[in-house]
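> Okay, so the sequence shown: first residue is 4 according to the working numbering, each after it adds one.
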Amino acid sequence: MTVLGGIGFTAPWLLLALLALPILWIILRAVPPAPMRRRFPGVALLLGLKDDETVSDRTPWWLLLLRMLAAAAIIIGLAGPVLNPNEDQAQGSGPLLIVLDGSWAGATRWAEQEEAIAAQLTRASRAGRTVAFLDLARPQPPVFQTADAWRSRLPGFRPAPWQPDQARSTLALSFLDDTADFDTLWFSDGLDYPGREAALQRFESSGSVEVYQTAANVLAMAPAGFEDGAVQLTAIRAAAGPERDVTVQARGKDPAGNASILATATATFAAGETTADTALSLPSELRARITRFDLQGQRSAGSTTLADDGLRRREVALIAGRESREGLELLSPLHYIEQALAPNADLIGGALDEILPANPDVIVLADVATLSPAEEEGLGTWIDNGGMLVRFAGPRVAASDVSRADEDPMMPVRLRSGGRTVGGAMSWGQPKALAPFREGSPFFGLAIPEDVQVTSQVMAQPDPTLAERVIAELTDGTPLVTRKAREQGQIVLFHVTATADWSTLPLSGLFVQMLERLAISSSASRPDAGQLEGTTWTPEQVMDGFGTLREAGTLPGVPGADLLTARPGPDMQPGIYASGDRRLARNVIEDGDTLTPVIWPERIPVKGFAVPPEQPVAGWLLSFAILLLLADVIASLALSGRLLSRANRIAVVALIALAPLSMAPGAQAQAAEDDAFALNAAAELALAYVLTGNRSVDEMSDAGLRGLSDTLFFRTSVEPAAPVGVDLEMDELAFFPVLYWPITPDQPRPSAEAYAKLNAYLRSGGLILFDTRDADVARFGNASPNGRKLQDLAAPLDIPPLEPLPADHVLTRTFYLLQDFPGRHTSRDVWVEAAPPDAEQVEGMPFRNLNDGVTPVVIGGNDWAAAWAISTTGAPLVPIGRGFTGERQRELAFRFGVNLIMHVLTGNYKSDQVHVPALLDRLGQ
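#1: Given V1, which residues of its chain have a CB within under 6 Å of its CB, disregarding the five upstream and five downstream residues?
#2: In terms of residues, what are the limits of the alpha helix (DSSP H) holding Y819?
#3: Between the region 97–113 and the region 122–142, are three or more C-beta pairs nearer than 8 Å?
#4: Going by DSSP in three states, V907 sits in which element: helix, strand or coil?
#5: List the endpoints of the continuous beta strand (DSSP E) containing Y196.
#6: For D311, which residues in the same chain have their Cβ closer than 6 Å to its Cβ, ignoring the five residues on either side in sequence?
#7: Is the beta carbon of F185 closer than 8 Å to that of Y215?
#8: Just reading off the alpha helix (DSSP H) that S704 is part of, what are its end residues?
#9: With I358 as the anchor, note down where its alpha helix (DSSP H) starts and where it stops.
#10: Please return the same chain residues whose Cβ sits closer than 6 Å to the Cβ of L561, not counting the five positions on each side in sequence.
#11: Quick one, are the C-beta atoms of A73 and A14 less than 8 Å apart?
#12: Going straight from the alpha carbon of D411 to that of K487, what length do you get?
#13: Count the C-beta pairs between the region 590–605 and the region 294–310 that are closer than 8 Å, then say yes if the count reaches three, no if not.
#14: Got a sec? Which residues, its chain only, sit under 7 Å from E207 by beta carbon, not counting five neighbours each side?
#15: When DSSP labels each residue in this structure, what does F738 get in the three-state scheme?
#16: Apart from the five residues on each side of it in sequence, which residues of its chain come closer than 8 Å, Cβ to Cβ, to V319?
#17: For a test of the three-state rule: what should DSSP assign to M413, helix, strand or coil?
#18: Kindly indicate which residue of Q544, R570 and G548 has the alpha-carbon position closest to the one of P559.
#19: Please report the straight-line C-alpha distance between V729 and Y692, rounded to a whole angstrom.
#20: Can the beta-carbon of T500 be found less than 8 Å from the beta-carbon of D370?
#21: Classify A270 as helix, strand or coil using the three-state DSSP reduction.
#22: Is the Cβ-Cβ distance between Q123 and L188 less than 8 Å?
#23: Roughly how many angstroms separate the alpha carbons of G611 and N762, rounded to a whole number?
#24: Can you give me the start and stop residues for the beta strand (DSSP E) that F296 sits inside?
#25: Should S155 be labelled buried (16 or more other beta-carbon atoms within 10 Å of its own) or exposed?
#26: What would DSSP say about M733, mapped onto helix, strand or coil?
#27: Find out if the Cβ-Cβ distance for the pair P748, E732 is shorter than 8 Å.
#28: Straight-line CA distance for E200 to S582?
#29: Determine which residues share a DSSP beta bridge with D934 and list them.
#30: Would you say the region 808–822 touches the region 769–780, given that touching needs at least three Cβ pairs under 8 Å?
#31: Checking the sheet assignment: what are the DSSP bridge partners for W834?
#32: Report the residue from L24, L598, A757 and P839 whose alpha carbon sits nearest the alpha carbon of A225.
#33: Counting C-beta neighbours from all protein chains within 10 Å, is the total for A401 16 or more, i.e. buried, or is it exposed?
#34: Using three-state DSSP, classify F612 as helix, strand or coil.
#35: Do the region 875–893 and the region 795–802 touch if we need at least three Cβ pairs shorter than 8 Å?
#36: Would L176 and A202 be called neighbours here (beta carbons separated by less than 8 Å)?
Here it is in structure tokens:
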């Protein structure tokens, strides 16, 4: 491509034809126009006469100029003019290598990067250059192909949840050993990493290098910690700069099981600083629901930190067989357990029948031998549902008949009568030490202190299942800790006391570590590599470069030590890893990590992603030339007097009819667009909103219906497509069951044809939700500009009599049982079609029989779209109320939306008497 005067030409040699235009002017100027023919009888007298001097009339100058413009437009159009050409890139030739850092740091602006790459592929295709891609985060041998071949494969590139490193960069460069000359376009993520400088030198040795990089700062999140009763959060930025606030969002599932934002906090980067700290003080119940923290407005694995057991303090119920004696705390059966668990778990006490309704994570029974039938039944149900029962032996258990003849359901093994003590029939003579923990035991890898000794224990009765249930034993092979699974839960028995009476185990740090390995407590501090030595962790969920979690599938397990020390990569993907009942998060950013911004040498040109799109204009010029030639034909006919003859009138009419065909691509595109609109709208159910002409209102309507569509998808069997904005003048309404119509004071009134479509839509079963969005300042009526505008807009519509939504209307129970219908505002003024005058409540029915169709309109002012609105990442766009009260208001708004859509799709079927028993049960009547 050759660039002349800021315009590129794909065939610049054709411009030489412009030099012939002066010659063409002279030729056309010399040729007279065709003579006009007129019948005149007197001409016969002139026959035979000869004029010695003949003077020919000349073509008018304006007609010559018209023809010159047409010829110039054709020549320039055939030369392939292009607006906004990339002058630097246009001059290149030969192979082109596109290098991607391809890491999480570029994920937030990945779409912009794709557009910039697509623009470069277009230029390379026009220049006939072959292209290859080299992803430094996932190196593969580059293959040089045509730019058009790569264009369809461009969406397949996705950021990795790790950065390039020295090893991957070296591997990538080794693929270029047999490739000599090429130019390089490097799309950088903005972070430095080992191996980058060596890669730059290699690319420069083969040709020119251009770097494309966004100017936005890279943000990330360090792992969350728990200290001083609050979750400690740290945000990181690559480059220091002015003071800046960022919002940290705590995400998890609300009590209804829906993914939502549970809490937010603001972290402030001080001027010149690269870290910002904040804290979230949350109740343990809410903290246990958190699954991740991320930065608002960012969409990357680095800006996300996953939560694991380190933030979730488990609830542990402690029950002893005897009360502690005042003043003798060291002899209390629960003293050492409390000391071991208190820093990292929430301890609760009380009777067993009082504790079970609280559904704790773990119940510890210290020397409790006998349980009543009611206690045993309740405890068994709790274990079957996933609870962990931990029992400690003691004098009561040793003296009882529990689990002697037959295995007790609340014991992992059968027990021998009595116990094993020094001086008894089975006296050891010397206290016994613990044997090394076997592989497969949750305690495998823990170091055993030499001072841990056992002097007494209850003995397990040998049977075929005993060996598989032993998870800790003494040096002589006698079981010390046994465990068995029961449905979804498990039962663990320590064959010694929870005090120092029978062993020194409760006095050692090993006791705390064993409880942690059993996941009885959650450590607020992250374990070190030594603590995880000898364990294997299986990935449950892994994170992609955008920070989205997906199931790990068949990915292999990783050693515990590598989980903490290995850098993220294909063999150590960030995500949630499990070992037994423990969960550990492997994040992209770990404690102590920093982000280093990349600094390019001055010789390397660095550009942004915002590349002006090239605009070919050849089609426009050729179309313009055709119009000029048509005008020339008409002008020539007019000058010759032939324009108004019968035959020429037919020709002119044909030319006028054919003229629009010169713009056929536009017309065909419009027709194709209309067909695509109809096909897409008819293929899947979609919610629609009326375009008001106010950009902010229309964007809020789109975001609101998108949030409501997602809610319907996750909670019901309705799976809506993306919401559609409809133009009342142009679009067909019959495809949409619901129209959301936000009212603005300045929106134009529809035409008569649009009102005809709206009335037909209402009569055929459609529903319009009118939202004046002003319930915070006015009630229903004309007390506000929006209310007056609604009255004006609704006047031509065929709307039946209305009434405030009654308590027994089917909208209160189509899916959820509702009494209020809030949006961003909480007014109770919602109007629907009035019930028939003869609608009466039948005795024994909680509501009237209104089984007669769907209300055609619902009118209110609660600004429901703002309450439903979500961003592309799923975060709410508009704050509602304050704290949990506001989130409850948002939840009720979503429930009203679900009820409304179910009402439209199913009618008043919930008024049928077959639903009465279920509704009465839900209503508590």
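Each residue gets a CB set at the ideal place from its N, CA and C atoms; glycine is no exception.
For clarity, every value in this text was computed on a predicted model and none was experimentally measured.
Per the coordinate set shown:
#1: Only positions 4 to 928 of the chain appear in this structure, which leaves residue 1 out of reach.
#2: Run containing Y819: none; DSSP gives neither H nor E here.
#3: Segments in contact, yes.
#4: helix
#5: Note, Y196: premise wrong, no beta strand (DSSP E); not H, not E.
#6: R586, L587 and A588
#7: no
#8: Looking at the DSSP string, the run of the alpha helix (DSSP H) that includes S704 is R698 to R718.
#9: L355 to I358
#10: The residue you asked about is not Leu; residue 561 is Val in the sequence shown. Closer than 6 Å at Cβ, skipping near neighbours: W540.
#11: no
#12: 12 Å
#13: yes
#14: none
#15: coil
#16: L344, A348, D349, L350, I351, P363, D364, V365, I366, V367, I523 and S524
#17: coil
#18: Q544
#19: C-alpha separation (whole angstroms): 6 Å.
#20: yes
#21: strand
#22: yes
#23: C-alpha separation (whole angstroms): 51 Å.
#24: For F296, the uninterrupted beta strand (DSSP E) run begins and ends at I293 to L298, by DSSP.
#25: Answer is exposed; the Cβ neighbour count stays below 16.
#26: coil
#27: It is not a contact, given that the beta carbons lie outside the stated cut-off.
#28: 40 Å
#29: The displayed coordinates of the chain run from 4 to 928. Any statement about residue 934 would go beyond what the structure contains.
#30: no
#31: P807 and I862
#32: Comparing Cα-Cα distances from A225 to each of L24, L598, A757 and P839, the minimum goes to L598.
#33: Label assigned to A401: buried.
#34: coil
#35: no
#36: yes
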